[in-house]
Amino acid sequence: MTTPAPTDAELLAYLDEALPADAMAQVERMLRSDSATLARLAEVNARRDAGVHSLSEIWRRNHLSCPTREQWGSFLLGGLPAAEAEFYRIHLQTAGCRRCQANLADLERQQSRQSAATTSRRQRYFQSSAGRLPSSG
Amino acid sequence: MPPIAESDRLLVERVRTGAPEAWQELIARYEGRLLAFVESRLGNPAAAEDVVQETLLGFLTSLPNYDERRPLESYLFSIAAHKLTDHLRREGRRPALPLSVSDSSGGWQPVAGGRRASSLIQSGERHALEEAALVAALAEQIDRLRARGQWQQLSCLELLLVRGWSNQQVAAALGQSEQTVANTKSEFLQRLRSLVRRGQPDPDVFPELYAS
Numbered sequence: 001m002t003t004p005a006p007t008d009a010e011l012l013a014y015l016d017e018a019l020p021a022d023a024m025a026q027v028e029r030m031l032r033s034d035s036a037t038l039a040r041l042a043e044v045n046a047r048r049d050a051g052v053h054s055l056s057e058i059w060r061r062n063h064l065s066c067p068t069r070e071q072w073g074s075f076l077l078g079g080l081p082a083a084e085a086e087f088y089r090i091h092l093q094t095a096g097c098r099r100c101q102a103n104l105a106d107l108e109r110q111q112s113r114q115s116a117a118t119t120s121r122r123q124r125y126f127q128s129s130a131g132r133l134p135s136s137g
Numbered sequence: 138m139p140p141i142a143e144s145d146r147l148l149v150e151r152v153r154t155g156a157p158e159a160w161q162e163l164i165a166r167y168e169g170r171l172l173a174f175v176e177s178r179l180g181n182p183a184a185a186e187d188v189v190q191e192t193l194l195g196f197l198t199s200l201p202n203y204d205e206r207r208p209l210e211s212y213l214f215s216i217a218a219h220k221l222t223d224h225l226r227r228e229g230r231r232p233a234l235p236l237s238v239s240d241s242s243g244g245w246q247p248v249a250g251g252r253r254a255s256s257l258i259q260s261g262e263r264h265a266l267e268e269a270a271l272v273a274a275l276a277e278q279i280d281r282l283r284a285r286g287q288w289q290q291l292s293c294l295e296l297l298l299v300r301g302w303s304n305q306q307v308a309a310a311l312g313q314s315e316q317t318v319a320n321t322k323s324e325f326l327q328r329l330r331s332l333v334r335r336g337q338p339d340p341d342v343f344p345e346l347y348a349s
């Protein structure tokens with residue numbers, strides 16, 4: 001079975017690192033093996049640079065239909081009506097919203113208790129970056 | 138669109154004054170979701186942590202230019218996406234994009250009126266105004282669907298307009314008839330056109346709204 005060619009909307013999402021991880025990898029494979037896909041990617045990029053708006057890009061970049069983090073919390077607790085919860089599942093798995101996937105994965109990790117590794121990682125981030133904070137006063 | 142959280146605004150204000158505890162709090166609030174975002178793509182926890190570290194440093198470096206009207210989470214994710222792209226390019230995983238579209242590849246031209254692409258290059262200000270008009274119209278429509286509990290229609294529109302799938306693909310994915318999908322799309326675009334038309338947009342810059 002051949003892999004379907006990515007849509008223009010998916011190519012734009014690829015440029016913004018916004019497709020789900022498996023779809024990103026799939027587009028990368030096609031770009032390496034298929035010059036026509038690479039030419040299409042350059043074309044959608046040129047169109048964007050020329051100022052043409054894309055509904056997909058505007059919708060995605062502004063997260064117009066993304067549930068909030070609090071709503072994802074309710075989803076995890078099973079506190080949503082069935083039809084709404086089904087929308088969340090499709091948003092995550094079929095529409096493949098990468099940022100919501102990350103938020104949900106993080107919430108799930110938090111639910112399974114904050115580990116010592118998390119605390120030490122946060123300390124490391126802080127120590128390696130605090131020197132760049134604006135000077136106080 | 139998610140509202141700009143007051144708690145984020147206050148947190149950034151404190152980070153701007155150089156308060157270490159505010160910076161620590163911002164890291165604690167956001168690093169987990171950023172790490173999950175990067176890790177899903179790299180599959181290598183150590184490399185993912187490095188990219189998140191670069192993201193946080195990038196945030197501090199760009200802090201003087203950060204516009205607080207922009208949601209903090211979106212801003213951090215966009216920095217993470219750039220850092221991730223850089224990392225993948227260095228690793229040779231992400232192919233370089235050609236600098237120009239050659240004529241032989243069917244180079245893009247605007248769909249309406251035969252205007253040349255060069256005439257479409259607009260000022261950033263005009264482009265932002267046009268986008269704001271479209272965001273407002275889309276948000277109004279999406280809120281209306283949510284308020285009416287029309288979740289299936291919203292799923293259908295996400296797949297059609299955000300993923301760019303065909304009616305046939307969407308119908309198969311959602312177990313709906315192609316006619317239902319076509320009706321949902323047509324009704325949505327019709328309402329959107331009428332909302333956006335108030336701002337008299339140029340068909341050349343909104344081709345999807347005017348495609349037959």
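Quick mapping for you: the protein sequence lines, in order, are chains V and U.
Residue numbering for the first sequence follows the numbering used here, starting at 1 and increasing by one per position.
Residue numbering for the second sequence follows the numbering used here, starting at 138 and increasing by one per position.
Every residue gets a Cβ at the ideal spot worked out from N, C-alpha and C, and that includes glycine.
Entirely within the region 74 to 109 of chain V and at least 4 residues each: give me those alpha helix (DSSP H) ranges in chain order.
Within the region 74 to 109 of chain V, the complete alpha helix (DSSP H) runs of at least 4 residues are 82 to 93.
Pop quiz: residue 288 of chain U and residue 17 of chain V are said to be a contact at Cβ under 8 Å. What is the actual Cβ separation, rounded to whole angstroms?
Wrong, their Cβ atoms sit about 28 Å apart, outside the cutoff.
Could you tell me the boundaries of the alpha helix (DSSP H) in which residue 29 of chain V lies?
Element bounds for residue 29 of chain V: 21 to 33.
Quick one: complete alpha helix (DSSP H) runs, 4+ long, within the region 109 to 136 of chain V?
Those alpha helix (DSSP H) runs which fall completely within the region 109 to 136 of chain V and span 4+ residues are 116 to 129.
How would you write the range of the alpha helix (DSSP H) that residue 54 of chain V sits in, first residue to last?
Here residue 54 of chain V belongs to no alpha helix (DSSP H), and DSSP marks it neither H nor E.
Decide if residue 45 of chain V is buried, meaning its Cβ has at least 16 other Cβ atoms within 10 Å, or exposed.
Answer is buried; the Cβ neighbour count reaches 16.
So, does the CB of residue 79 of chain V fall closer than 8 Å to a CB anywhere in chain U?
It does not; no Cβ of chain U falls within 8 Å.
Just how far apart, CA to CA, sit residue 350 of chain U and residue 171 of chain U?
Residue 350 of chain U falls outside the range modelled here, since chain U spans only 138 to 349, and no answer is possible.
Does any CB atom of chain V fall closer than 8 Å to the CB of residue 245 of chain U?
Residue placement at residue 245 of chain U is poorly supported in this model, since its pLDDT is 42, which falls under 50; the coordinates are not used for a value here.
Would you tell me roughly how many angstroms separate the C-alpha atoms of residue 188 of chain U and residue 13 of chain V, rounded to the nearest one?
Whole-angstrom Cα-Cα distance: 20 Å.
Name, going along the chain, the residues of the region 80 to 102 of chain V whose beta-carbon falls closer than 7 Å to a beta-carbon of chain U.
Listed by position, the residues of the region 80 to 102 of chain V near chain U (Cβ gap below 7 Å) are 83, 84, 86, 87, 90, 91, 94, 95, 98, 99, 101, 102.
Can you tell me where the alpha helix (DSSP H) holding residue 190 of chain U begins and where it ends?
Residues 182 to 199.
Going along the chain, which residues of the region 164 to 181 of chain U sit with their C-beta nearer than 7 Å to a C-beta in chain V?
Correct list: 164, 165, 168, 169, 170, 173, 174, 177, 178.
Indicate whether residue 58 of chain V and residue 179 of chain U have their beta-carbon atoms separated by less than 8 Å.
Cβ distance not < 8 Å, so residue 58 of chain V and residue 179 of chain U don't count as in contact.
Using a Cβ-Cβ cutoff of less than 7 Å, which residues in the same chain neighbour residue 305 of chain U once the five nearest sequence positions on both sides are dropped?
Excluding sequence neighbours, residue 305 of chain U sits near 315.
In chain V, what lies closer than 9 Å to residue 325 of chain U by C-beta?
Residues of chain V passing the Cβ test: none, with the nearest at roughly 10 Å.
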